[in-house]
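Start counting at 1 in the sequence shown, then tack on 312, and there's your number in the working numbering. By construction, the Cβ of each residue, glycine as well, lies at the ideal position given by its N, Cα and C atoms.
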Amino acid sequence: MDQILHISLENGQARALVASSTGLVEEARRVHGLTPTAAAALGRTLTAGAMMGVMMKNPSDSLTVTIKGGGPIGPVVCVASASGRVKGYVGDPKVDLPLKSNGKLDVGGAVGATGHVTVVKDLGLRDPYVGQTRMVSGEIAEDLAFYLTVSEQTPSMLSLGVMVEGGRVVGAGGVLVQPLPGCSEEVLQRLEALAPRLAGVSTLARQAGDAQRLMEIALEGFEAEVLASAQPAFACDCGRERIERALISMGEGELRSMMEEQGGAQVLCHFCNKQYDFSKEELETLLAEAQDAR
Ligand SMILES: [Zn+2]
């Protein structure tokens, strides 16, 4: 079962989020028909997005992570809610690169490292919060750790991993560690020493099976207290009504040309690949609504 644990370390000197996300990443792979490389790129981003999502305060808060590294996969996008629900997509789900010399999926090669990470947070205020940092490596974890550290000014260590075997996601997870104000030098050094262990988080996630066990393995030696837990999931909130509104907002001219040139419309939701079909008659009804709204 997928789970995210929010953990206090060493009596509040640091916080950690531990996510086991095998189920949701496999669902994303299945829905989008992702290659192993694309599954790793999107799966890492969805796992991090879910962790960043559950750290938001209000149930109605949401955030969008967009990673544009200039690589062949195109943009990697994740929308996360405060409950841990995520949806997302990559520009090209069929991108597949040879394994790197260390046997790992070449996510950095697919994503690229020349662009930016952009995070938009809708916190129910008049204007959304927007933060942007440059890419570091395209491996996602380093890029998002850099974003959290620089843009949100929260020093962060982040490990993300997705393991694919036989075309299926068999292990996925993430560990985010953030030292808090007042963290002692001794604890800081021990946290930094975790990096090599956390580099293999996909293997750890597979071995562990659930987040509780992953926490015990990944943060062994630390005094850890679980403060809260959430159940992340890959789920889209699209629906026919939302697509209708989007069509109406395209305006009369666009609707009319869809009716006349294509005799209808097929609209694909980027986030979940669901297709919505509209007949010529249905478009006529929407056109009337567009005219009324004018
Ligand atoms: Zn959808």
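**Prompt:** Pick from Pro-440, Arg-480, Val-481, Gly-427: whose alpha carbon is nearest that of Leu-456?
**Reply:** For this step, residue 456 is matched to residue 144 along the sequence shown. Of the candidates Pro-440, Arg-480, Val-481, Gly-427, the one whose C-alpha sits nearest the C-alpha of Leu-456 is Gly-427.
With respect to the beta strand (DSSP E) encompassing Arg-480, which residues constitute its N-terminal and C-terminal limits? Residue mapping note: residue 480 aligns to position 168 of the sequence shown, counting from 1. Its beta strand (DSSP E) spans residues 480-491.
(Q) When you compare the CB positions of Val-474 and Gly-355, do they come within less than 7 Å of one another, or not? (A) To locate residue 474, count along the sequence shown from 1; it is residue 162. To locate residue 355, count along the sequence shown from 1; it is residue 43. Yes, they are a contact pair.
Quiz prompt | Selected residue, minimal CA-CA separation from Ser-591, among Val-482, Glu-573, Lys-369 | solution = Looking up residue 591 in the sequence shown gives position 279. Answer by Cα proximity: Glu-573.
### Task
Return helix, strand or coil for Ile-311, following the three-state DSSP convention.
The question about residue 311 has no answer here: the residues shown for the chain are numbered 313 through 606.
Reference Gln-587, options Ala-577, Leu-595, Glu-594, Glu-477, closest by Cα | The residue given as residue 587 occupies position 275 in the sequence shown. That would be Ala-577, whose Cα lies nearest to the Cα of Gln-587.
Contact defined as beta carbons within less than 8 Å: I believe Phe-458 pairs with Val-442. What is the distance between those atoms, to the nearest angstrom? One-based indexing of the sequence shown puts residue 458 at position 146. One-based indexing of the sequence shown puts residue 442 at position 130. In fact, because the Cβ distance is near 16 Å, the residues do not count as touching under 8 Å.
Would you say Ser-332 and Ala-523 are within 7 Å of each other, going by their C-beta atoms?
In the sequence shown, residue 332 corresponds to position 20, counting from 1. In the sequence shown, residue 523 corresponds to position 211, counting from 1. Yes.
Span separating the alpha-carbon of Ala-350 from that of Thr-515
Within the sequence shown, the letter at position 38 stands for residue 350. Within the sequence shown, the letter at position 203 stands for residue 515. Roughly 18 Å between the two C-alpha positions.
- request: With a 10 Å radius around its C-beta and 16 neighbouring C-beta atoms as the bar for buried, classify Leu-539 as buried or exposed.
  value: Taking the first residue of the sequence shown as position 1, residue 539 is located at position 227. When all chains shown are included, Leu-539 counts as exposed.
**Asked** Helix, strand or coil: which one does DSSP assign to Thr-515?
**Response** The residue you call residue 515 lines up with position 203 of the sequence shown. Assigned with DSSP and collapsed to three states, Thr-515 falls in helix.
Report task. Leaving out five residues on either side along the sequence, give the residues of the same chain with a beta carbon under 6 Å from the beta carbon of Gly-512. Result -> Numbered from 1 along the sequence shown, position 200 holds the residue referred to as residue 512. The same chain holds no residue with a CB closer than 6 Å to that of Gly-512 once the five nearest residues on each side in sequence are set aside.
**Prompt:** Between which two residues does the alpha helix (DSSP H) containing Gly-415 stretch?
**Reply:** Translated into the one-based positions of the sequence shown, residue 415 becomes position 103. Where Gly-415 is concerned, there is no enclosing alpha helix (DSSP H), given that its DSSP letter is neither H nor E.
**Message:** Measuring only the C-alpha atoms, how far is Leu-281 from Gln-325?
**Reply:** There is no way to answer for residue 281, as the model of the chain reaches only from 313 to 606.
TODO: Return the chain-ordered list of same chain residues with a C-beta closer than 6 Å to the C-beta of Ala-453, the five sequence neighbours on each side being excluded.
DONE: As a working mapping, residue 453 is identified with position 141 in the sequence shown. Hits under 6 Å: Leu-470, Ser-471, Leu-472.
Practice problem: State the beta-bridge partners of Ala-540 as determined by DSSP. | Solution: As a first step, residue 540 must be located in the sequence shown, where it is residue number 228. Answer is His-318, bridged to Ala-540.
### Query
How close, in whole Å, do the beta carbons of Leu-559 and Leu-567 come, if the pair is a contact with beta carbons under 8 Å?
Locating residue 559 in the sequence shown gives position 247, counting from the first residue. Locating residue 567 in the sequence shown gives position 255, counting from the first residue. Correct: roughly 7 Å between the Cβ atoms.
### Task
Kindly indicate the opening and closing residues of the beta strand (DSSP E) around Arg-342.
To locate residue 342, count along the sequence shown from 1; it is residue 30. Where Arg-342 is concerned, there is no enclosing beta strand (DSSP E), although the alpha helix (DSSP H) it sits in stretches over 334-344.
Counting only the same chain and skipping the five closest in sequence on each side, list residues whose C-beta sits under 8 Å from that of Leu-599. Counting from 1 along the sequence shown, the entry for residue 599 is found at position 287. Around Leu-599: Glu-564, Leu-567, Arg-568, Met-571.
Under 6 Å, CB to nearest heavy atom of ligand 1: contacting residues | Cys-548, Cys-550, Cys-581, Phe-583, Cys-584, Lys-586
Worksheet entry | Pairwise C-alpha distance: Arg-327 and Val-419 | The sequence position of residue 419 within the sequence shown is 107, counting from 1. The sequence position of residue 327 within the sequence shown is 15, counting from 1. Cα to Cα, Val-419 sits roughly 27 Å from Arg-327.
Check: What is the residue span of the beta strand (DSSP E) that Val-431 lies within?
Finding: Residue mapping note: residue 431 aligns to position 119 of the sequence shown, counting from 1. Start and end: 428-434.
**Asked** Could you give the distance in angstroms between the alpha-carbon of Thr-597 and the alpha-carbon of Gln-465?
**Response** As a first step, residue 597 is located in the sequence shown; it is residue number 285 there, counting from the start. As a first step, residue 465 is located in the sequence shown; it is residue number 153 there, counting from the start. Each residue's alpha carbon lies about 50 Å from the other.
(message) I'd like to check one pair, Gly-383 with Ala-422: are the Cβ atoms closer than 7 Å?
(response) Within the sequence shown, the letter at position 110 stands for residue 422. Within the sequence shown, the letter at position 71 stands for residue 383. Contact: yes.
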